[in-house]
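Residue numbers (my numbering): 39 to 739.
Each remark here refers to the structure printed beneath this line.
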Amino acid sequence: RDRPHLRFSLHFSGYLLRWLGMRAPKAITVLEDLVKLRRVELLAGGWADPFLAGLPEHDALSQIQLQARLAEAQLGKRPGGAYLAEGVWDPVLPELLHDAGLEYAFVAGETLLAAGVRPSQLHGWYQTERNGAALKVLPTDPQLDATIGPQRHEAAIAILERRRAMGMSYVHWVGSAERIAQSMARDAFRPWLKGFLDALDRNSHWLRTAHPSEVLQRQPCHGRVYLPSWIPAHLAQAVTGIPADELTRSADGRRRPFTRAGTWQALLMRYEEANRIHKRMMQTSGEVERLRLRLEQQGTDEVRAKALEHAALALYRAQGNAALWPSARGGLYEAALRNGCYANLCEAESLVARTLGEAARLRSFRADLDCDGFEELLVRTPHFGAVLTPTQGGSMVELGSWSLPGNVLDSMTRRDEPWLLPLHEYSKLPSLVVDDEDVTDDITNTYEVDLSEEDEDDEDDATDLGTSTHMEDLAGRVCLDRATRASFVDRFLGPQTTLANLVNGGFPEQGDFHDGVYSLVRAEAEGPRRYGVWMTREGRIDQSGEERLVQVRKRYTFLRDRPAVQVEYDIVNRTQSPVDSVFAVEVNLGASSSVGRGPRLIVDGCEEIPVLSARCLEDVEQVQLADPSRKLRIVLRSLDEPGRLWTYPVTMIRDRRGQLEEAYQGVCLMFSWPVQLWGEEKRKVALELAVEMDSRIRASR
39 RDRPHLRFSL
49 HFSGYLLRWL
59 GMRAPKAITV
69 LEDLVKLRRV
79 ELLAGGWADP
89 FLAGLPEHDA
99 LSQIQLQARL
109 AEAQLGKRPG
119 GAYLAEGVWD
129 PVLPELLHDA
139 GLEYAFVAGE
149 TLLAAGVRPS
159 QLHGWYQTER
169 NGAALKVLPT
179 DPQLDATIGP
189 QRHEAAIAIL
199 ERRRAMGMSY
209 VHWVGSAERI
219 AQSMARDAFR
229 PWLKGFLDAL
239 DRNSHWLRTA
249 HPSEVLQRQP
259 CHGRVYLPSW
269 IPAHLAQAVT
279 GIPADELTRS
289 ADGRRRPFTR
299 AGTWQALLMR
309 YEEANRIHKR
319 MMQTSGEVER
329 LRLRLEQQGT
339 DEVRAKALEH
349 AALALYRAQG
359 NAALWPSARG
369 GLYEAALRNG
379 CYANLCEAES
389 LVARTLGEAA
399 RLRSFRADLD
409 CDGFEELLVR
419 TPHFGAVLTP
429 TQGGSMVELG
439 SWSLPGNVLD
449 SMTRRDEPWL
459 LPLHEYSKLP
469 SLVVDDEDVT
479 DDITNTYEVD
489 LSEEDEDDED
499 DATDLGTSTH
509 MEDLAGRVCL
519 DRATRASFVD
529 RFLGPQTTLA
539 NLVNGGFPEQ
549 GDFHDGVYSL
559 VRAEAEGPRR
569 YGVWMTREGR
579 IDQSGEERLV
589 QVRKRYTFLR
599 DRPAVQVEYD
609 IVNRTQSPVD
619 SVFAVEVNLG
629 ASSSVGRGPR
639 LIVDGCEEIP
649 VLSARCLEDV
659 EQVQLADPSR
669 KLRIVLRSLD
679 EPGRLWTYPV
689 TMIRDRRGQL
699 EEAYQGVCLM
709 FSWPVQLWGE
719 EKRKVALELA
729 VEMDSRIRAS
739 R
């Protein structure tokens with residue numbers, strides 16, 4: 039406010055605008071005054087900062103228009119241009135933004151370089167189009183973008199001086215306040231911003247700031263341009279798994295002007311968890327649109343109109359980009375973000391079902407839900423929405439609870455990531471199978487991971503990652519999975535299986551069922567209160583170098599009257615030779631990320647186990663995941679006979695404020711039973727997974 043000569047353009051997500059309106063009304067008043075004085079121009083975007091090209095067109099338009107209306111209502115001016123989430127560009131955007139009533143968009147300069155524009159021409163503005171719908175694009179300066187950081191103001195001014203000497207009248211710099219703050223030490227953003235504004239003031243005799251509308255009025259268009267798909271280096275790193283600094287350098291070590299790394303959709307290929315969220319969002323969008331069309335056809339009242347509005351907002355909240363891509367600081371690896379997405383999607387679908395009178399129905403349908411070329415089965419009950427994948431071991435990959443709301447099975451597969459490279463030199467790669475002499479008889483051995491969040495804000499307690507001892511400790515905790523995590527995964531474990539090699543993913547597998555293709559026999563209602571899904575697989579077990587043909591018959595039963603699913607197994611020896619193995623069922627559960635608030639496992643109703651410890655216990659009938667933050671219990675129980683329970687936390691190393699640490703992603707529970715079958719003999723096993731809401735659960739101290 040004390041620098042009246044400066045001009046800026048600002049973009050706020052719908053989330054932030056609503057938060058400011060409720061929690062910081064004085065800030066809204068200041069911003070409104072700056073807009074009225076024409077010192078600030080507003081930029082639009084999706085209400086929840088989504089990748090607009092990844093949404094159904096009606097959702098993308100609705101998000102842009104909702105954010106623009108909110109900005110106009112709170113700040114008195116409707117935005118005329120667009121800020122694109124993470125700078126991601128897609129060739130469909132010109133028509134989409136044009137149809138949303140926007141005149142221009144800021145575009146990363148690298149996008150124009152990829153289109154053939156020379157570095158010396160990255161100034162002013164260009165025009166692009168799609169199907170005749172025109173959009174003005176203002177390219178940012180890549181070198182200016184690279185000057186973000188403490189004490190880099192003079193470097194930015196030097197670049198601007200060079201641009202002036204080259205005859206450029208207008209250059210554009212766009213920075214994300216959130217990303218800038220994350221790149222700095224805590225509380226460093228305010229001093230950095232003041233220093234940046236001071237640097238502009240010191241050079242105001244030759245350097246001026248301007249609004250995009252002024253640039254469009256004062257400078258003629260440089261010409262027409264057609265831009266390819268483009269993503270920034272930090273997203274390219276997530277897409278390829280290659281460190282960003284390698285992607286932006288050529289073989290001789292020189293920095294490349296831009297990186298060709300495909301599109302952001304490639305994230306959906308590398309990360310199945312991101313693809314599940316995205317495709318579930320598409321399904322929920324279809325449900326909300328179905329409600330909208332039904333109300334248009336039949337007419338509506340205030341109550342149903344309000345339900346549609348709330349369902350649409352829940353959908354939009356789930357469409358933000360942050361949970362679709364991983365980074366060292368979280369993103370897809372942030373359990374709270376994934377939980378939030380699923381919770382909002384479940385809320386939207388529940389609202390649709392209740393409004394249309396479908397909430398009490400048991401139903402299912404087959405479709406290629408994840409767009410991988412194979413059909414999945416979606417089962418809906420009054421309590422759940424479950425996704426079963428016959429081609430991925432007959433497993434369950436999602437169990438969306440309406441009452442939580444959220445996905446009970448939300449977890450993450452442990453992958454090798456670029457930010458783990460510094461740990462590789464300290465790692466000791468585990469053997470795939472532990473030698474006989476290394477197998478301990480004490481199968482109740484445990485270890486615990488310290489992930490308490492009680493002191494997460496205390497910088498004095500931060501660990502010095504420069505010490506080799508700590509790096510070795512972290513490297514020893516890096517575990518990678520051989521396959522994407524799911525639930526009700528069927529395994530035949532070898533005799534050398536131990537708690538240690540289960541945790542690190544190096545346990546021996548005798549069968550081919552965990553990732554094999556199951557045949558979907560039938561899916562149908564069993565009376566008015568049960569819905570059954572039958573699957574089967576003829577597979578093989580490698581037993582001391584000899585194969586045994588084994589059939590696994592698997593039956594899911596969904597209950598109408600309570601939030602539970604039962605899974606029954608028939609294990610049949612199809613040969614005349616005996617089968618001697620251990621049959622195990624793996625279930626991966628997600629809980630809230632607030633591990634410091636006391637999520638814990640309760641075994642057989644009495645013994646409590648910290649959720650962050652690994653254990654192997656004998657003769658267990660049931661285990662409960664008690665989550666005080668969400669007032670729920672997730673109960674996994676054996677319906678036939680007690681079994682051995684293996685449990686361990688699923689964690690991933692990530693960066694928090696410059697420090698590498700373990701982040702909790704979920705917990706793996708595995709019931710197992712010895713299977714000794716003579717020729718043609720059969721063995722039965724049954725489990726039940728139930729979700730119980732319980733306000734009496736208290737956090738442990």
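Even glycine gets a Cβ: it sits at the ideal position worked out from N, Cα and C.
Predicted model, so just to flag it, every value in this text is computed and none were measured.
The beta carbon of V73 is closer than 7 Å to those of L80, L113, G114 and K115 in its chain, skipping five residues each way along the sequence. Residue environment for L331: exposed (fewer than 16 other C-beta atoms within 10 angstroms of its C-beta). The beta carbon of P132 sits closer than 8 Å to the beta carbons of T166, E167, R168, A171, A172 and L173 from its chain, once the five residues preceding and following it are set aside; these are given in chain order. Counted as a single uninterrupted DSSP element, the beta strand (DSSP E) harbouring V571 occupies residues R568 to Q581. The three-state reading of DSSP puts V588 in strand, counting E and B together. Judged by beta-carbon spacing, W127 lies beyond the 8 Å limit of T178, meaning their Cβ atoms are not closer than that value. By the C-beta density criterion, D283 is exposed, having fewer than 16 other C-beta atoms within 10 angstroms.
Ranking V729, Y371, V555 and V559 by CA distance to the CA of A276 puts Y371 first. Put simply, the backbone Cα of R228 is about 18 Å away from that of H49. Per the C-alpha coordinates, the member of Q581, G583, R612 and E455 positioned closest to R591 is R612. Taking one beta carbon from each stretch, the stretch 99-112 and the stretch 145-156 have fewer than 3 pairs nearer than 8 Å; the two do not touch. Of A106, V209, A203 and S158, the smallest CA-CA separation from L140 is found for A106. At the C-beta level, K722 and D665 stay beyond 8 Å of one another. Beyond the five residues adjoining it in sequence on each side, A91 comes within less than 7 Å, by CB distance, of D128, V130 and L131 in the same chain, given in chain order.
Each residue's CA atom was taken as its position, placing M204 and A524 some 57 Å apart. Counting only residues of its own chain and dropping the five nearest sequence neighbours on each side, P281 has a CB closer than 7 Å to the CB of Q275, P456 and L459.
Cβ-Cβ separation between S449 and G628: approximately 5 Å, consistent with a contact (criterion under 8 Å). For L134, the number of other beta carbons within 10 angstroms of its own is at least 16, and it is reported as buried.
Our two residues, W716 and E585, have alpha carbons roughly 14 Å apart in a direct line.
If you ignore the 5 residues before and after R638, its C-beta comes within less than 7 Å of the C-beta of E646, I647, P648, V649, A664 and S738, all in its own chain and listed in chain order. DSSP places A138 in the coil class of the three-state scheme, outside both helix and strand. Spatial neighbours of G681 in its own chain (CB-CB distance under 7 Å, excluding positions within 5 residues in sequence) are listed in chain order as V658, F709, S710 and W711.
The Cβ neighbour count for D406, taken over all protein chains shown within 10 Å, is under 16; the residue is labelled exposed. The Cβ-Cβ distance between A398 and R600 does not fall below 8 Å. Per the coordinates, the alpha-carbon of L265 lies some 5 Å from the alpha-carbon of A153. Each of T301, E510, V705 and S676 was checked against the Cα of T689, and the nearest Cα belongs to V705. Per DSSP, reduced to three states, the secondary structure at W230 is helical. Excluding sequence positions up to five before and after P88, its CB lies within less than 7 Å of the CB of Q101, A123, Q357, G358 and N359, all in the same chain and listed in chain order.
Contact check for L353 against A386 passes: the beta carbons are separated by less than 8 Å. Close CB contacts of G378 within its chain, under the 8 Å cut and outside five residues either way in sequence, are with R355, A356 and A361 (chain order).
The beta carbon of L245 lies closer than 7 Å to those of L198 and L238 in the same chain, with the five residues before and after it left out. Relative to the Cα of D236, the nearest Cα in the group A215, P250, A248 and R190 belongs to R190.
Ranked by how close their Cα comes to the Cα of Y309, the residues G118, D408 and L725 have D408 in first place.
Under the DSSP assignment, P250 falls in the alpha helix (DSSP H) whose first and last residues are P250 to R256. In the DSSP annotation of this structure, N611 is not part of any alpha helix (DSSP H); the continuous beta strand (DSSP E) holding it starts and ends at A602 to N611. Pairing G549 with R529 gives a Cβ-Cβ distance under 8 Å.
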